[in-house]
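Chemist: Here's a structure for you.
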Amino acid sequence: MKRLALLGMPNTGKSTLFNRLTGAGARVGNWPGMTVDMLSAKVLLAGGMVELVDLPGIYNLHGFSDDEQVVRHFLSSQPVNGLVVILDATQLDRQLNLFLQLRALQCPMTLILNMADEARQLGIHINQEKLSAELGCDISLVSAKYGHGFEAIRKALEHLLRTAPQAMLAHTEALHSDEAIEAELDRIVSDTINTPVVLPPNLTRRLDRILLHPVFGLPLFFLSMFALFQLVYGLGTPLQNGLSALLGYFNSDVLTPVLRHAPTPLTSFITDGLFNGIGTVLSFLPIIVLFFVFMAIVEDSGYLARAAFLMDALMARLGLDGRSFVMQLMGLGCNVPALMGTRVMRSRALRLLTMMVIPFSLCSARLQVFLFFTSAIFKPFAAASMLFFLYLTSFAMAFLTALVWRGKFRNHEPLLLELPPYRFPTTRQLLVQGWQQSGHFLRGASGFIVAGVVLIWFLTHVPFNVAPASPATLAGHLAAWMHPVFAPLGINRLLSLTLLFGFVAKEIVIGALAVIYSAGEKNLAGILAHQIDWVQATSFMLFTLIYTPCLSTIAVLKQESKSISFTLLAVLWPLGLAWLVSFVFYQTARSLGW
Amino acid sequence: MSIPLYQMQTTQSGIILSINAGQELTRRMAALGLRPGRQIKIIRKAPWSGPLQVRIGHTEIIIRRGEAEKIEVEPT
Ligand SMILES: Nc1nc2c(ncn2[C@@H]2O[C@H](COP(=O)(O)OP(=O)(O)OP(=O)(O)O)[C@@H](O)[C@H]2O)c(=O)[nH]1
Ligand SMILES: [Mg+2]
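Protein chains in written order, with this note's numbering: chain F, -19 to 574; chain V, 4 to 79.
In structure tokens:
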């Protein structure tokens, strides 16, 4: 199959264009370094299927950070029919440099100038014919986000495929000297691009004056994050209650009548095991999807790069940099892409230290556990404060970890980061994001969670002749064995079992609880409130927050660090810390008579 | 008269004269538009010796003071 690769500087809209052309779901965000791995998809061009490859952004052909290595490795190992170079039309004064360098690869190329909409607003005029003649290749001026200019893109790609029927390897060894290129760049830019001397006042600069204010910048940042979580919580809770009511009707009006004549263990397996377990997890779907949609707005707004600016001074003192903080924020959705996102860091020490702190970010899976526990144990206002306290703790643990380990991971990586203009995702982008996250959640639910729920049902029900989840069951034996470790933390036997499952994935914790107490979402909360008090619940939540997030995280830690000893450290340190924090909290609270 | 970039005042503009950094960093800076001959403006400085926000053409970047020390500019 013919193959075309998308190349360009970071944050120029490669993934947006890729998604539009192929219908694929590459992650898009207003942050340089959103894509850190290659992704390919098929597209119908000139009557044949063509493989289109989305690559991480590169600044030049000399970079050696891990995301840039992905590009270099691709170019030197995979033959292509042509390169589709995508540049930001508003920043050609520097980005054309990359195009000029890429000519040395001696592959057929076509040039796409993206963000035509922003260029127009800024009053930038590009003489396309002249530029095309200068560069000796087709040029299309498009707006990938709004879908403008796609006929031109298709034509250009088809033309590229016709001129290069044979796939070839890029000449990655031969690189021109950069000085000659810079002179050429300046000449071409001044000949073909017309920029108004005075920048028109725009939204980005006005917003920055407020959001990056030396005094109010940081408080505003935390305030807006807090407001965002309140919004998700406020909008999501009614939806969640609605969904769990629906599931309750399904249980009483459909499942129970259907299973009336089934043997008892089977009924128990289906209602207490599968239905309660999965249903309880499922009831969190609306809140989690909502959460990810809001995360998508934040990621696309350009505020992340501003967060790096605001936090860099503090992060530098912890041996990290502003980007580490951004990765922590991304980790609030899921730790896995955040860990991968550290590929943009060139210093290995900085990268490892950042990878050590990311797993403390309170990800959406842990959020489910905490939403459930706080609303079961606390009154509404206290529940919200508790949740906020857990977010604070998660950052405190990350910073503490950096402080403790910064000596071992000393680094001097320079920080040079683009601040993109503020942008807002289109409804289409948000719908796609919501849809993808639901799919992700449901696939997770159908895999891990079903397996986990089934397993825990067996553990708590075998042997069948004793009371479920009693000390005589398999689960009871297991819990007794772990008891000496968890008793000093105030975590009872049954809860300690869920922690064991939470090691695999936090989504299982609530499902497991529902099975253990054989209750659906609504009753479970009541049962739990009777079984444990707020001190025990908090101790349990602290432990859940701090210890290993999930198996996928461990796998990615290993894959990205390529070091077993680092992975071990990144698993054992949080485990020890979790025990210690819960222990100190529980014992202090009890000794104070709480 | 030339001074290191980080000594320029907020909202002050200048022309980059030279960059005294290693090859890798110089190239990265060039890719972001930081090259001799380009006009640069300090937009703001983060408190507690945090990074600087600067603009070159239509590109805004943040740069730590340590790196800003390696760039010599002539204020205009
Ligand atoms: N205004 C405007 N914004 C766009 C356009 N195309 C993409 N964007 C936005 O630009 C940002 C970056 O888009 P991505 O597709 O993630 O860019 P990328 O080149 O894949 O970035 P990396 O993966 O980081 O290299 C996102 O906020 C997009 O919504 C466009 O045509 N106009
Ligand atoms: Mg991308």
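Backbone N, C-alpha and C define an ideal beta-carbon position, used for all residues, glycine too.
Model, not experiment: these values are computed from the prediction.
Mind checking who R58 of chain V pairs with in its DSSP beta bridge?
Modeler: In DSSP, R58 of chain V forms a bridge with V:K44 and V:E63.
Chemist: Does the beta-carbon of G321 of chain F, which I'm using as the reference point, lie nearer than 8 Å to any heavy atom of ligand 2?
Modeler: Flag unset: Cβ of G321 of chain F not near ligand 2.
Chemist: Is DSSP giving P317 of chain F helix, strand or coil here?
Modeler: Note: P317 of chain F maps to helix in three-state DSSP.
Chemist: By DSSP, does R(-17) of chain F sit in helix, in strand, or in coil?
Modeler: Three-state result, R(-17) of chain F: strand.
Chemist: Anything in chain F within Cβ reach of L35 of chain V, meaning under 8 Å, just list it in chain order.
Modeler: Those within 8 Å of L35 of chain V in chain F are Y39, R74, L396 and E398.
Chemist: At a threshold of 8 Å, does D34 of chain F count as lining ligand 2 (C-beta to nearest heavy atom)?
Modeler: D34 of chain F Cβ: within cutoff of ligand 2.
Chemist: Nearest to L254 of chain F by CA position, among F:I133, F:L198 and F:F428, is which residue?
Modeler: The option with the nearest alpha carbon to L254 of chain F is F:F428.
Chemist: Any beta carbon of chain F sitting closer than 9 Å to that of M32 of chain V?
Modeler: It does; some Cβ of chain F falls within 9 Å.
Chemist: Is A4 of chain F near ligand 1 - that is, is its Cβ less than 8 Å away from at least one heavy atom of it?
Modeler: Because no heavy atom of ligand 1 lies under 8 Å away, the Cβ of A4 of chain F does not count as near it: no.
Chemist: How far does the alpha helix (DSSP H) with I490 of chain F in it reach, from first residue to last?
Modeler: It spans E487 to I496 - the alpha helix (DSSP H) in which I490 of chain F sits, taken as one unbroken run.
Chemist: Alpha carbon to alpha carbon, how far is C87 of chain F from L137 of chain F?
Modeler: If you take the alpha carbons of C87 of chain F and L137 of chain F, they lie about 14 Å apart.
Chemist: Check whether the Cβ atoms of M148 of chain F and N10 of chain F sit closer than 9 Å, and answer yes or no.
Modeler: It is not a contact, given that the beta carbons lie outside the stated cut-off.
Chemist: Comparing the C-beta of T79 of chain V with each C-beta of chain F, is any distance below 9 Å?
Modeler: Not an interface residue.
Chemist: By DSSP's criteria, A21 of chain F is part of a beta bridge. Which residues make up the other side?
Modeler: The partner list for A21 of chain F (beta bridge, DSSP) reads F:L32.
Chemist: Starting from A288 of chain F, find everything on chain V with Cβ-Cβ shorter than 8 Å and list it in chain order.
Modeler: Simply I65.
Chemist: Mind checking if G17 of chain V is an interface residue toward chain F, Cβ cutoff 9 Å exclusive?
Modeler: For G17 of chain V, the answer is no, since every Cβ of chain F falls outside 9 Å of its Cβ.
Chemist: Would you give the residue range spanned by the beta strand (DSSP E) that D73 of chain F belongs to?
Modeler: Here D73 of chain F belongs to no beta strand (DSSP E); instead the alpha helix (DSSP H) covers L72 to L82.
Chemist: List the residues of chain F that S21 of chain V touches, going by C-beta distances under 9 Å, in chain order.
Modeler: Result: empty, since nearest Cβ-Cβ is about 14 Å, beyond 9 Å.
Chemist: Would you give the residue range spanned by the alpha helix (DSSP H) that L247 of chain F belongs to?
Modeler: One detail in the question is off: residue 247 of chain F reads as Thr in this sequence, not Leu. Element bounds for T247 of chain F: T244 to T247.
Chemist: Counting C-beta neighbours from all protein chains within 10 Å, is the total for W437 of chain F 16 or more, i.e. buried, or is it exposed?
Modeler: Buried, since its Cβ has 16 or more Cβ neighbours within 10 Å.
Chemist: Using the C-alpha atoms, what's the distance from N231 of chain F back to P237 of chain F?
Modeler: Approximately 9 Å between the Cα atoms of the pair.
Chemist: Using three-state DSSP, classify G69 of chain V as helix, strand or coil.
Modeler: Looking at G69 of chain V - three-state DSSP - the assignment turns out to be helix.
Chemist: What does a CB cutoff of less than 7 Å around S45 of chain F pick up in its chain, not counting 5 residues either side in sequence?
Modeler: Hits under 7 Å: R323, V324, M325 and R326.
Chemist: What does M89 of chain F pair with, by DSSP beta-bridge criteria?
Modeler: DSSP lists F:L63 as partners of M89 of chain F.
Chemist: Look at the Cβ atom of Q348 of chain F, then the Cβ atom of F264 of chain F, and state whether they are nearer than 9 Å.
Modeler: It is a contact, given that the beta carbons lie within the stated cut-off.
Chemist: Which residue's Cα is closest to the Cα of A378 of chain F: F:G419, F:Y527, F:I507 and F:L165?
Modeler: Answer by Cα proximity: F:Y527.
Chemist: The beta strand (DSSP E) spanning I22 of chain V covers which residue range?
Modeler: Residues S16 to I22.
Chemist: Quick check on V50 of chain F: does DSSP put it in helix, strand or coil?
Modeler: V50 of chain F falls in the helix class under three-state DSSP.
Chemist: Give me the residue from F:T217, F:D233, F:A225 and F:I258 with the minimum Cα distance to V269 of chain F.
Modeler: It is F:T217.
Chemist: Using 9 Å as the threshold, is the C-beta distance between C343 of chain F and L312 of chain F below it?
Modeler: Cβ atoms of C343 of chain F and L312 of chain F: closer than 9 Å.
Chemist: Do you know how far the Cα of A535 of chain F is from the Cα of L504 of chain F?
Modeler: Each residue's Cα considered, the two are about 32 Å apart.
Chemist: Which residues in chain V have a C-beta closer than 9 Å to the C-beta of D233 of chain F? List them in chain order.
Modeler: Here the premise fails: no neighbours, minimum Cβ distance about 59 Å.
Chemist: Distance, Cα to Cα, F352 of chain F vs V169 of chain F?
Modeler: About 58 Å.
Chemist: Under 8 Å from any heavy atom of ligand 1, does the C-beta of D46 of chain F make it?
Modeler: Flag unset: Cβ of D46 of chain F not near ligand 1.
Chemist: Can you find a CB in chain V that lies within less than 9 Å of the CB of F379 of chain F?
Modeler: Answer no: the Cβ-Cβ gap between F379 of chain F and chain V never drops below 9 Å.
Chemist: Taking W574 of chain F and V515 of chain F to be in contact with their CB atoms under 8 Å, please state how far apart those CB atoms are, rounded to whole angstroms.
Modeler: With a Cβ gap of about 5 Å, W574 of chain F and V515 of chain F count as contacting.
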